[in-house]
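Peer 1: Numbering (this note's numbering), first residue to last: 25 to 467.
For glycine and all other residues, C-beta sits at the position ideal for the given N, C-alpha and C.
A quick note: this is a predicted structure, and the numbers were derived from the prediction, not measured.
Have a look at this one.
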């Protein structure tokens with residue numbers, strides 16, 4: 025690439041570098057990202073608070089947010105990012121249509137203003153009514169007050185998403201200025217496509233850091249897809265990307281976390297754990313330049329300078345990649361644990377037959393909940409072999425769980441006699457075979 029030279033300022037007052045090529049008109053080129061040498065760079069210490077929320081549990085969710093924000097501030101973080109809809113849990117569904125729920129949500133958000141660290145900026149996901157329109161928002165709280173609000177512009181209406189039914193879209197993305205560092209903010213799918221209005225706008229005005237709070241459920245192959253998308257976005261914007269994803273099971277969905285910080289070259293700077301809550305703290309390099317003049321950034325929220333100068337290079341935390349089987353098993357155990365806990369169940373019963381399918385389910389339950397919360401039930405009939413009954417007992421012993429045997433022969437005979445299901449030749453009819461499963465389901 026040939027050297028860049030200054031050109032006319034952008035509409036927001038930022039110089040636009042251009043490249044001059046022999047025999048051709050000057051073309052715009054990306055602002056070169058400064059060298060990562062510490063003596064030339066300013067830094068923002070950011071924390072990605074990857075939390076496990078419960079839909080509708082506003083007070084417990086708010087307490088988690090406040091506690092993790094204090095923890096992050098204690099570790100020197102000046103910018104703290106939470107996932108999409110962190111206050112309500114995701115997806116909140118038709119709770120958003122209840123007036124009292126929205127009032128309670130606003131009350132909890134107001135309480136958070138006073139409990140969040142005053143020397144840091146916190147980005148909290150929550151729903152808000154703005155001009156009688158309901159929006160999926162990311163609220164920036166700094167110094168005990170709301171300094172900016174972004175309304176999600178690209179609403180999901182596919183797979184598990186039904187956002188268009190509940191929310192109204194916002195416009196583009198949010199831009200913040202802190203000590204001359206420009207921070208863009210877009211929620212989840214706002215930044216999904218390179219040609220989306222939010223991405224094009226951020227590319228036009230130029231940013232140094234982009235925040236992307238999200239709640240994207242797990243699916244096999246998601247990790248590689250997210251990495252590719254964020255790396256492409258970082259290179260397109262020539263900026264660092266901070267992606268904070270929700271973690272935990274919620275009904276039929278499971279969120280895998282895996283929050284990331286991506287450098288402007290598309291390579292990961294730091295990675296959070298997957299399938300577990302985590303607080304990822306990372307120092308993000310930013311260009312050192314004088315703050316932009318306020319009059320050249322009309323309507324752009326300006327917050328206190330969050331930058332600092334680091335004296336040592338912290339070791340980047342990058343979690344090892346999981347194999348596909350490890351991913352699936354981790355997702356299943358997390359889903360079982362959270363479904364049980366969030367619905368208030370004290371434990372689970374697992375019917376075991378001595379076969380491999382029930383053995384796998386029992387193992388999942390034990391790994392998710394612990395042996396003290398799992399009881400295996402053996403329901404043998406006259407057609408159950410001694411080998412299968414022995415295998416069921418051995419399985420319970422290996423897992424360290426309780427086993428209870430309940431023979432179904434008496435119930436089976438009563439059902440069969442009452443329904444007159446005996447076959448003409450005295451053998452086992454198809455109806456009788458199915459009846460065994462019916463009796464077991466009753467128990």
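1. With a 10 Å radius around its C-beta and 16 neighbouring C-beta atoms as the bar for buried, classify residue 243 as buried or exposed.
2. Is it a yes or a no for the region 452-467 touching the region 418-428, going by three-plus beta-carbon pairs under 8 Å?
3. Taking 8 Å as the limit between beta carbons, can you name the residues of its chain near residue 253, skipping five residues before and five after?
4. For the putative contact between residue 135 and residue 167, defined by C-beta atoms under 8 Å, what is the C-beta separation to the nearest angstrom?
5. Starting from the C-beta of residue 302, find all residues in its chain whose C-beta is less than 6 Å away, skip the five residues before and the five after it, and write them out in chain order.
6. Could you give the distance in angstroms between the alpha-carbon of residue 180 and the alpha-carbon of residue 187?
7. Provide the residue(s) that pair with residue 238 in DSSP beta bridges, ordered along the chain.
8. For the alpha helix (DSSP H) containing residue 439, name the first residue and the last one.
9. Does the count of Cβ pairs from the region 413-424 and the region 372-390 closer than 8 Å reach three?
10. Over what stretch of residues does the beta strand (DSSP E) that includes residue 171 continue unbroken?
11. Under 8 Å between the Cβ atoms of residue 67 and residue 292?
12. Which word fits residue 467, buried or exposed, when buried means at least 16 other C-beta atoms lie within 10 angstroms of its C-beta?
13. Note down, in chain order, each residue of its chain lying with its Cβ closer than 7 Å to the Cβ of residue 196, except the 5 sequence neighbours on either side.
14. Using 8 Å as the threshold, is the region 403-420 in touch with the region 354-368, meaning 3 or more CB pairs across them?
15. Buried or exposed for residue 148, please, with buried defined as at least 16 other CB atoms from any protein chain shown within 10 angstroms of its CB.
16. Taking 7 Å as the limit between beta carbons, can you name the residues of its chain near residue 463, skipping five residues before and five after?
17. Taking the alpha helix (DSSP H) that residue 251 falls in, what are its first and last residues?
18. For the alpha helix (DSSP H) containing residue 301, name the first residue and the last one.
19. Between the C-alpha atoms of residue 96 and residue 372, what's the straight-line distance to the nearest angstrom?
20. Which residues mark the beginning and the end of the alpha helix (DSSP H) in which residue 352 is found?
21. Considering only C-alpha positions, which residue in the set 137, 389, 121 is nearest to residue 157?
22. Starting from residue 280, follow its DSSP beta bridges and name the residues at the other end.
23. State the beta-bridge partners of residue 202 as determined by DSSP.
24. In terms of DSSP beta bridges, what is residue 380 paired with?
25. Helix, strand or coil for residue 387? Go by DSSP, reduced to three states.
26. Based on Cα-Cα distance, which residue from 374, 274, 307, 378 lies nearest to residue 81?
27. Identify whether residue 429 lies in helix, strand or coil by the three-state DSSP scheme.
28. Ordered along the chain, which non-local residues of its own chain (more than five positions away) have a Cβ less than 7 Å from that of residue 247?
29. Starting from residue 69, trace the alpha helix (DSSP H) both ways and give me its first and last residue.
Peer 2: Checking against the coordinates, here is how it stands:
1. exposed
2. no
3. 216
4. Not quite, the Cβ-Cβ distance comes to about 16 Å (not below 8 Å), so this is no contact.
5. 74, 296
6. 5 Å
7. 269
8. 433-443
9. yes
10. 169-175
11. no
12. exposed
13. 177, 221, 222, 225
14. no
15. buried
16. 432, 435, 436, 439
17. 246-261
18. Taken as a continuous stretch (DSSP letters only), residue 301 belongs to no alpha helix (DSSP H), as it is neither H nor E.
19. 36 Å
20. 348-366
21. 121
22. 271
23. 205, 327
24. Looking at the DSSP assignment, residue 380 forms no beta bridge with any residue, so it has no partner.
25. helix
26. 274
27. strand
28. 282
29. Taken as a continuous stretch (DSSP letters only), residue 69 belongs to no alpha helix (DSSP H), being part of the beta strand (DSSP E) at 66-74.
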